[in-house]
Amino acid sequence: MKLSITIYSFNRYFREGRYSVSDFVDFAKNEGFNGVDLGYYWRDESEKVLVKEKIKRYGLLVPCYITRNDFVWLDKKRVKDEVDKVRKELDNVILFGSYCLRVFTGHLKANMDYSDVRDNIIDAFKLLVKYAEEKKVKIALENHDGIFCSYKYLLDLLEAVNSQYLRINFDIGNFLIVDEDPLVALDKLYQYIVHVHVKDFQRKDNKLIGCTLGEGIVKVREIIKGLYDKGYKNFLSIEYEGYEDNIVGIRKSLKYLRKIIGEL
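Residue numbering for the sequence shown follows the working numbering, starting at 42 and increasing by one per position.
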């Protein structure tokens with residue numbers, strides 16, 4: 042299995058002004074990752090050109106480009122504006138030669154029920170996959186944000202949209218947010234998975250706290266073996282959300298993940 046790291050793993054460094062995208066790419070190359078998932082933290086358009094050149098020089102791939110979005114609105118115009126925003130990111134997917142664009146559903150607002158917004162969400166994804174098909178890019182919907190961490194809601198959307206261009210970014214940890222077993226979710230969603238986020242959580246005071254791989258309650262080893270047994274051949278992307286220093290936690294996580302893969 043090939044290993045990538047999502048740039049969000051250095052969210053703390055970027056927020057504190059300690060890293061640039063170029064620094065992140067250097068780190069990934071030096072640590073022996075096969076790829077990097079880019080997005081979010083660009084200073085300007087010229088930086089993209091420089092980073093693309095560096096990635097090519099290093100022999101790295103960009104399997105997945107990431108963006109933020111929220112389709113969970115009653116106002117159809119607001120939903121359309123969000124679709125248009127995501128549509129623009131497809132150009133970055135093409136620029137870096139990625140095979141998918143990671144997106145979210147969004148989150149339910151106060152006093153909002155899924156049935157209130159289901160049609161708007163489905164319409165948003167139907168429109169988005171139309172644009173994605175023109176570019177021959179997969180939309181990778183992540184299990185993220187409240188009820189949309191649940192495989193049940195993801196399956197409802199996938200079946201309603203019914204497009205080979207809407208697939209899943211399988212985050213192995215986020216199912217715990219809605220008390221679902223990631224191994225059950227893997228069986229339900231495997232046919233749709235194009236990209237995988239690997240993370241771990243600890244439970245403290247009944248809250249889930251990000252941690253280094255292998256130090257939490259996520260069944261990382263079992264899930265990776267499950268993916269392997271099912272024939273998954275795309276990237277495993279570390280998404281570090283732990284409380285340790287980013288570099289320390291990522292290095293420990295990478296060592297743990299390599300050990301698991303080596304034992305398959």
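From the three backbone atoms N, C-alpha and C, an ideal C-beta is built for every residue, glycine too. Only a predicted model underlies this, so the values are computations on that prediction, with no experimental measurement involved.
Exercise. In chain order, what residues of the same chain have a beta carbon less than 8 angstroms from the beta carbon of GLY187, not counting five sequence neighbours either side?
Worked result: HIS148, LEU149, ILE218, VAL219
Exercise. Does DSSP put ALA181 in a helix, in a strand, or in coil?
Worked result: Under the three-state reduction of DSSP, ALA181 is assigned to strand.
For this session: Within 10 angstroms of the Cβ of ALA69, are there 16 or more other Cβ atoms? Answer buried if so, exposed if not.
Result: Buried, because 16 or more other Cβ atoms sit within 10 Å of the Cβ of ALA69.
For this session: Using only alpha-carbon positions, find the residue among LEU295, TYR281, LEU227 that is nearest to TYR269.
Result: LEU227
Problem set entry | Within 8 angstroms, strictly: CB atoms of ARG53 and ASN287 | yes
Problem set entry | GLY251 - partner residues in DSSP beta bridges | In DSSP, GLY251 forms a bridge with PHE242.
For this session: Pick helix, strand or coil for PHE216, following the three-state DSSP scheme.
Result: Correct three-state label for PHE216: helix.
For this session: Look at the alpha carbon of PHE189 and the alpha carbon of LEU195, and state the distance between them as a whole number of angstroms.
Result: 7 angstroms
For this session: Just confirm the distance between the C-beta atoms of GLU282 and GLY257, as a whole number of angstroms; I'd bet it's less than 8 angstroms.
Result: Incorrect: roughly 10 angstroms between the Cβ atoms, too far for contact.
For this session: Please name the residue, chosen from ILE107, TRP114, ASP64, ASP212, that lies closest to ILE234 on a Cα-to-Cα basis.
Result: ASP212
For this session: Identify, in the order they occur along the chain, each residue of the same chain with its Cβ nearer than 7 angstroms to the Cβ of SER63, setting aside the five sequence neighbours on each side.
Result: LEU91, VAL92, LYS95
Exercise. In terms of DSSP beta bridges, what is ASP116 paired with?
Worked result: In the DSSP assignment, no residue is bridged to ASP116.
Problem set entry | Nonlocal neighbours in the same chain, by C-beta distance under 7 angstroms from LEU305, ignoring five residues either side | LYS266, TYR269
Exercise. What residue range is occupied by the uninterrupted beta strand (DSSP E) comprising ILE315?
Worked result: For the chain, the structure presents residues 42 to 305; residue 315 sits outside this window and is missing.
Problem set entry | Per-residue DSSP class, three states only, for LYS43 | strand
Problem set entry | Cβ-based burial, SER45 [other Cβ within 10 Å; buried from 16] | buried
Exercise. To which residues of the same chain is LYS27 closer than 7 angstroms at the C-beta, ignoring the five residues directly before and after it?
Worked result: Outside the shown range of the chain, which is 42 to 305, sits residue 27, and nothing can be said about it.
Exercise. Looking at ARG143 and GLU183, is the spacing between their C-beta atoms short of 8 angstroms?
Worked result: Yes, the Cβ-Cβ distance between GLU183 and ARG143 is below 8 angstroms.
Exercise. Roughly how many whole angstroms lie between the Cα atoms of GLU174 and GLU221?
Worked result: Roughly 32 angstroms separates the two Cα atoms.
Exercise. Can you name, in chain order, every residue of its own chain whose Cβ lies under 8 angstroms from the Cβ of ASN75, other than the five neighbours on each side?
Worked result: LYS43, LEU44, SER45, LEU101, LEU102, PHE276, listed in sequence order.
Problem set entry | Whole-angstrom C-beta distance between SER294 and CYS105, which should lie under 8 angstroms | About 18 angstroms; that fails the 8 angstroms criterion.
Exercise. For VAL202, which residues of its own chain have a beta-carbon under 8 angstroms away from its beta-carbon, when the five flanking residues on both sides are left out?
Worked result: So the qualifying residues of the chain are ILE163, PHE166, LYS167, VAL170.
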